[in-house]
Amino acid sequence: MSVLKSKLAPHFRLRVPAGSGKYGSRWSNKDLDPIPFEERTWGAVDYWAYWCSDMLAPPLASTVSSVMALGFTARETIPIVFFGFAICSVVITLTGKMGATYHVPFPVIIRSVFGMYGSFPAICIRAFVALMWTAILTVQAGNFLQRCLEAIWPSFINFPNRLPLSAGIDSAGLLCVFLYWFLQTALALMPISKLRVLFWVKGAIVPPTFFALFLWAVIVTKGGGELVTGKYKVTSTYMNTAYSALTGLNVIIGLFSSLAVNMPDFGRFSKNRLKGPHQFLALPIIGTLGALTPIFVTSAHSYLWGEFEWYMPAVIAKFDSRAAKFFVSASFILATIGNQVAAGTYPFSNDVTGMAPKYINIFRATIFISVFCIICTPWNIIQNAEGLLAFLSGYSCLMGPLAGTMVCDYYIIKKRRLNVDQLYTDRGIYWYNGGWNWRAYVSFGLGFAPLLPGFAKSIKPTLDVGGAWKIYTFAWIFGFFLSSLVHYVICTYVSIPTASLVEEAVYPEGAVLNAPVIEGEDREIKEVYVTKEKEVSNIV
């Protein structure tokens with residue numbers, strides 16, 4: 001026996017801490033299990049702070065610049081931004097309510113759709129984009145830190161470079177990337193309950209900074225400048241206003257296409273199942289108002305220095321005021337950290353934890369993504385991998401079919417009724433065929449297949465794909481609805497997944513079954529909770 005224990009010792013040392021996971025199966029650990037009742041504390045204010053943290057960040061500027069590169073001015077861009085975020089927020093709200101109802105993250109919810117093993121490729125699709133964008137943003141945040149140091153010590157501008165040109169980065173930039181990396185990693189390793197404070201801080205500091213930059217740009221340009229008051233002229237290869245508008249809409253949706261599926265990661269912390277319209281309104285309101293700042297600032301840069309510049313570190317470098325350079329850069333560092341945590345490290349860590357819960361938890365996965373942000377040398381990715389960056393930008397054509405299959409399966413096929421215990425059970429009702437739900441993959445594949453030629457052309461523009469690019473201009477919307485339709489037809493008329501359909505939902509312990517309602521003349525608030533033995537009513 002002692003020899004056997006000795007042989008198995010490395011295996012046990014690699015496992016997550018003992019007792020982590022209430023279900024005791026290989027599909028369960030503490031980070032994946034339903035959130036305990038006492039930790040479900042997020043309300044409307046918390047989610048608005050979260051969206052401020054996610055929206056008001058450098059990726060918003062780069063996305064808006066992609067829309068305006070099609071030839072649009074602010075008059076055309078702002079409606080496109082608003083409707084793009086409004087469309088995306090509908091799906092984000094739908095998927096968020098999945099997590100808010102059963103208090104489980106995306107990698108657990110997705111098991112009910114694609115199967116226990118079938119969830120792995122879906123998780124990888126979602127996790128890859130978070131991994132790459134987190135690494136790329138580390139370089140941009142390092143540039144913001146470099147502006148901060150230059151504001152404090154102007155001599156840092158002349159910091160000697162000891163690296164060759166082939167390194168893809170100079171010594172000052174590399175130093176700032178590492179300094180920022182330590183700060184980012186320390187914050188990312190904090191529990192999500194404490195990171196909520198980070199979202200509040202960013203919600204208090206970053207929006208005023210965006211507003212101050214907006215006012216500065218309006219004053220400098222005396223009303224807006226060329227990007228605001230200029231004339232619209234199509235510059236895209238499509239040479240068609242309608243297709244250019246659809247392309248712009250797809251670009252905006254693509255910015256949050258990954259969050260459209262993994263919103264359960266944050267929705268599970270809701271204390272009232274995301275009741276109210278706040279979740280839907282937050283994204284289009286914050287995103288549209290936030291988009292005004294990069295548009296006007298870039299227009300001001302052209303007015304002052306004769307060229308359009310969307311890269312904020314380059315804009316800040318030209319500020320005369322050292323105080324303005326420091327405070328704006330510091331605010332954008334905070335903005336980038338909030339975005340990386342909200343849309344990068346935490347979703348990625350949740351995702352990969354779902355693939356091997358007995359060996360990976362959120363802490364270990366966060367360590368992995370933090371190390372990856374350095375060893376992948378993201379400064380070289382930015383400079384040399386145009387195809388990869390185009391691939392990441394066009395990722396929405398994968399996320400649309402994934403979201404469509406997920407929403408159709410939960411709301412239409414299963415009618416919002418899941419058995420939460422079976423989501424952690426080996427060979428249970430969500431095992432399907434060998435752990436895979438072929439219906440979901442047929443739906444996903446048929447939703448993605450027509451988009452593949454246009455996707456390939458977006459990575460390599462010289463490819464001749466005929467008229468296939470026309471569908472790709474609205475890839476996310478097309479993929480979402482086609483996959484939804486196919487999944488409905490398969491599961492309703494071709495092969496009904498009878499074993500996974502339950503008569504009554506099984507909720508986690510302490511789940512709120514119905515929203516607070518006001519009853520009687522004394523207007524008491526009644527909520528119904530689930531316990532292991534029975535349902536009980538609490539009068540508050």
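Under the UniProt record's numbering, the first residue of the sequence shown carries the number 1, and numbering increases by one thereafter.
Note that CB positions come from ideal geometry on N, CA and C, so glycine has one too.
All values derive from a computational prediction rather than experimental measurement.
So, is residue i buried or exposed, given that buried needs 16 or more other C-beta atoms within 10 angstroms?
{"i": "R111", "result": "buried"}
{"i": "C397", "result": "buried"}
{"i": "V371", "result": "exposed"}
{"i": "A343", "result": "buried"}
{"i": "I518", "result": "Confidence is the limiting factor: at I518 the pLDDT is only 34, short of 50, which leaves the residue's position unreliable, though a coordinate-based value still follows. I518 is exposed by the Cβ-count criterion."}
{"i": "A499", "result": "exposed"}
{"i": "E38", "result": "exposed"}
{"i": "S483", "result": "buried"}
{"i": "W153", "result": "exposed"}
{"i": "I219", "result": "exposed"}
{"i": "V197", "result": "exposed"}
{"i": "Y432", "result": "buried"}
{"i": "L463", "result": "exposed"}
{"i": "L60", "result": "buried"}
{"i": "residue 547", "result": "For the chain, the structure presents residues 1 to 540; residue 547 sits outside this window and is missing."}
{"i": "T345", "result": "buried"}
{"i": "A515", "result": "Confidence is the limiting factor: at A515 the pLDDT is only 45, short of 50, which leaves the residue's position unreliable, though a coordinate-based value still follows. That one is exposed."}
{"i": "D320", "result": "exposed"}
{"i": "N158", "result": "exposed"}
{"i": "I35", "result": "buried"}
{"i": "residue 558", "result": "An answer regarding residue 558 cannot be provided, because it is not within the stretch 1 to 540 covered by the chain."}
Counting along the chain, where does the alpha helix (DSSP H) carrying residue i start and finish?
{"i": "N143", "result": "119 to 152"}
{"i": "A356", "result": "Element bounds for A356: n/a, residue is neither H nor E."}
{"i": "A342", "result": "Careful: A342 lies outside any alpha helix (DSSP H) and carries neither H nor E."}
{"i": "W48", "result": "44 to 55"}
{"i": "K97", "result": "74 to 102"}
{"i": "F319", "result": "It is not in any alpha helix (DSSP H) - F319 carries neither H nor E in the DSSP assignment."}
{"i": "V197", "result": "192 to 221"}
{"i": "S62", "result": "58 to 68"}
{"i": "S302", "result": "278 to 305"}
{"i": "M406", "result": "396 to 407"}
{"i": "W177", "result": "First, the amino acid is wrong: residue 177 is Val here, not Trp. Here the alpha helix (DSSP H) through V177 covers 171 to 188."}
{"i": "V113", "result": "111 to 114"}
{"i": "P453", "result": "452 to 459"}
{"i": "G479", "result": "475 to 489"}
{"i": "C376", "result": "Run containing C376: none; DSSP gives neither H nor E here."}
{"i": "V261", "result": "259 to 262"}
{"i": "V228", "result": "226 to 229"}
From the DSSP output, read off the bridge partner residues of residue i.
{"i": "N433", "result": "W436"}
{"i": "V506", "result": "N419"}
{"i": "S329", "result": "In the DSSP output, where bridge partners are listed per residue, S329 has none listed."}
{"i": "M349", "result": "Here residue 349 turns out to be Ser, not Met, going by the sequence shown. DSSP lists no partner for S349."}
{"i": "S270", "result": "W42"}
Determine whether the beta carbon atoms of residue i and residue j lie at a separation below 7 Å.
{"i": "A291", "j": "V64", "result": "yes"}
{"i": "L195", "j": "V104", "result": "no"}
{"i": "residue 552", "j": "V251", "result": "With the chain running from 1 to 540 in the structure shown, residue 552 is simply not present."}
{"i": "I337", "j": "C52", "result": "no"}
{"i": "T221", "j": "S299", "result": "yes"}
{"i": "T246", "j": "F474", "result": "The sequence given here has Leu at residue 246, not Thr. The answer is yes: Cβ separation under 7 Å."}
{"i": "A100", "j": "S270", "result": "yes"}
{"i": "D46", "j": "N339", "result": "no"}
{"i": "F480", "j": "P284", "result": "no"}
{"i": "L402", "j": "V489", "result": "no"}
{"i": "Y117", "j": "V420", "result": "no"}
{"i": "K325", "j": "R126", "result": "no"}
{"i": "H278", "j": "A74", "result": "no"}
{"i": "V177", "j": "D409", "result": "no"}
{"i": "P378", "j": "T185", "result": "no"}
Shorter than 7 Å from the beta carbon of residue i to some beta carbon of chain D?
{"i": "L179", "result": "The displayed structure is made up of one protein chain only, and chain D is not part of it."}
Cβ pair count under 8 Å reaching 3, the segment 138 to 145 against the segment 177 to 184: yes
Inter-stretch contact at 8 Å, needing at least 3 Cβ pairs: the segment 125 to 139 / the segment 302 to 309: Output reads no: the segment 302 to 309 does not touch the segment 125 to 139.
The segment 442 to 457 touching the segment 396 to 413, judged by at least three CB pairs closer than 8 Å: yes
The segment 420 to 435 in contact with the segment 451 to 469 per 3-pair CB rule at 8 Å: Fewer than three Cβ pairs drawn from the segment 420 to 435 and the segment 451 to 469 lie within less than 8 Å of each other, which leaves the two stretches out of contact.
Segment contact flag, the segment 26 to 36 with the segment 353 to 361, C-beta cutoff 8 Å, min 3 pairs: Contact between the segment 26 to 36 and the segment 353 to 361 is present, because at least three Cβ pairs lie under 8 Å.
Segment contact, 8 Å Cβ cut-off, at least three pairs: the segment 323 to 334 with the segment 201 to 215: The segment 323 to 334, when compared against the segment 201 to 215, does touch it at the 8 Å Cβ threshold.
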